[in-house]
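One structure is given below, encoded as structure tokens.
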Amino acid sequence: MDIIYYPVSAILWVWHKVFGSFLDPASGLAWALSVIFLVFTLRALLFKPFVTQVRSMKKMQKIAPLVRELQEKHGDDRQKLAMEMQKLQSEHGFNPLAGCLPVLVQVPVFIGLFHVLNGFKPGATSNYVFGAEEVASFVEADLFGAKLSISLTQPAEVLAAFGTDRTSMLLVAVPLMIAAAIATHFTARHSVARQGSQAAQNPQAAAMNRVTLWLFPMFAIVGGPFLPVAILIYWLANNFWTLGQQYVVYRKIDAEEAQDPSAPVVDSVATSGQDSDIEHQPGEVPGVIEDHNRGADKPGDSR
233 MDIIYYPVSA
243 ILWVWHKVFG
253 SFLDPASGLA
263 WALSVIFLVF
273 TLRALLFKPF
283 VTQVRSMKKM
293 QKIAPLVREL
303 QEKHGDDRQK
313 LAMEMQKLQS
323 EHGFNPLAGC
333 LPVLVQVPVF
343 IGLFHVLNGF
353 KPGATSNYVF
363 GAEEVASFVE
373 ADLFGAKLSI
383 SLTQPAEVLA
393 AFGTDRTSML
403 LVAVPLMIAA
413 AIATHFTARH
423 SVARQGSQAA
433 QNPQAAAMNR
443 VTLWLFPMFA
453 IVGGPFLPVA
463 ILIYWLANNF
473 WTLGQQYVVY
483 RKIDAEEAQD
493 PSAPVVDSVA
503 TSGQDSDIEH
513 QPGEVPGVIE
523 DHNRGADKPG
533 DSR
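Here our numbering = 1-based position in the sequence shown + 232.
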């Protein structure tokens, strides 16, 4: 994995030199900004794969009704179903791997980012492109009294050895965890809101949406205390980039579809004969099935 670790550490080194040119190189602010812009740089490099992934998902939504028709028609003949599926994908220019490859590309990159940030250890003589002096600078750097290289769950004597205390760590780490959780929730909410009506009515999809909307953000709260402050900064920066990137890419794709009247409508086949407009109650999250019978008047009840 050195082929990933060295470039990632080199990008962090460059940004630290940039911010160290007008800030104190040993300051926590210089290191924190370096981490944030390391995330932004990597996400910018992965922007095109993300767009490819979004376009692939849109195509998958558009042909989903046709896929269901083929499954109902050729469900007993797997070979015929496979042939018809390949034909359908070819006709619509859909490649299933196009939605998977961007994710496969991103995973090792972010593993490398996490590994490099976690590699700044007290007494380490190097961390890939960083020398002993730079490693020591990162280890000793603090942001408003909280050390970047340690977590708030460290024993009190360890925190004291690093020149900080529990209160200082809490005052920085807790807001970072809360902000990361909120950003994760709204990122998921943005994605769920764009699901087609058929996906929104699928109980399995609705259950998965609840997990994405509520359980994933809780990882920041539950796991955050065990992560170094630098990793929390990375997590927050990554989520804010994702939120902004979704907004830009989704608007661009929506504008392209609005200008192309020949573009097929999502779920147009599956919703034929049904109401195409699905009304959501105020406060509902699209894609999450709610029980609308709660609070309904029972027979015999008087208003």
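Quick reminder that beta carbons are idealized off the backbone N, C-alpha and C, glycines included. Just so we're clear, the structure is a prediction, and the values are computed from it rather than from any experiment.
Cβ-Cβ distance between alanine 412 and phenylalanine 448 below 8 Å: no
CB contact flag (alanine 368, glycine 260, <8 Å): no
Minimum C-alpha distance to arginine 275 - residue among Trp245, His306, Glu301 and Val337: Val337
First and last residue of the uninterrupted alpha helix (DSSP H) at tryptophan 446: First-last for tryptophan 446: undefined, no H or E at that position.
Coil, strand or helix - glycine 351 by DSSP: coil
Any 3 or more C-beta pairs closer than 8 Å across the region 437 to 456 and the region 348 to 364: no
For aspartate 486, the three-state DSSP class (helix, strand or coil): helix
Residue nearest to valine 341 in terms of C-alpha spacing, selected from Ile243, Glu389 and Ile453: Ile243
Same chain, Cβ closer than 7 Å to phenylalanine 370, neighbours up to 5 away in sequence not counted: Trp263, Phe352, Leu380 and Ser381
Backbone secondary structure at phenylalanine 254 - three-state DSSP: coil
Buried or exposed (CB count within 10 angstroms, at least 16 for buried), proline 407: exposed
Assigned exposure category for glycine 505 - 16 Cβ within 10 Å defines buried: Only weak support is given to the placement of glycine 505: the predicted model assigns it a pLDDT of 39, under 50, and the question is left unresolved by the model.
For serine 369, the first and last residue of its enclosing alpha helix (DSSP H): 364 to 372
For alanine 378, the three-state DSSP class (helix, strand or coil): strand
Enclosing alpha helix (DSSP H) for threonine 419 [first to last residue]: 398 to 424
Nearest residue (CA-CA) to serine 288, options Gln491, Val481 and Ala490: Val481
Exposure label - glycine 363; buried when at least 16 CB within 10 Å: exposed
Valine 461 burial status per 10 Å Cβ neighbour count (16 or more: buried): buried
For methionine 401 and aspartate 507, the rounded distance between their alpha carbons: Any reading at aspartate 507 is ruled out, since the residue's pLDDT is 42, under 50, leaving its predicted position unreliable.
Residue range of the unbroken alpha helix (DSSP H) whose run includes serine 266: 260 to 277
Given serine 241 as reference, the closest of Gly456, Gln491 and Val361 once Cα atoms are compared: Val361
Simplified DSSP state of serine 288, which is helix, strand or coil: helix
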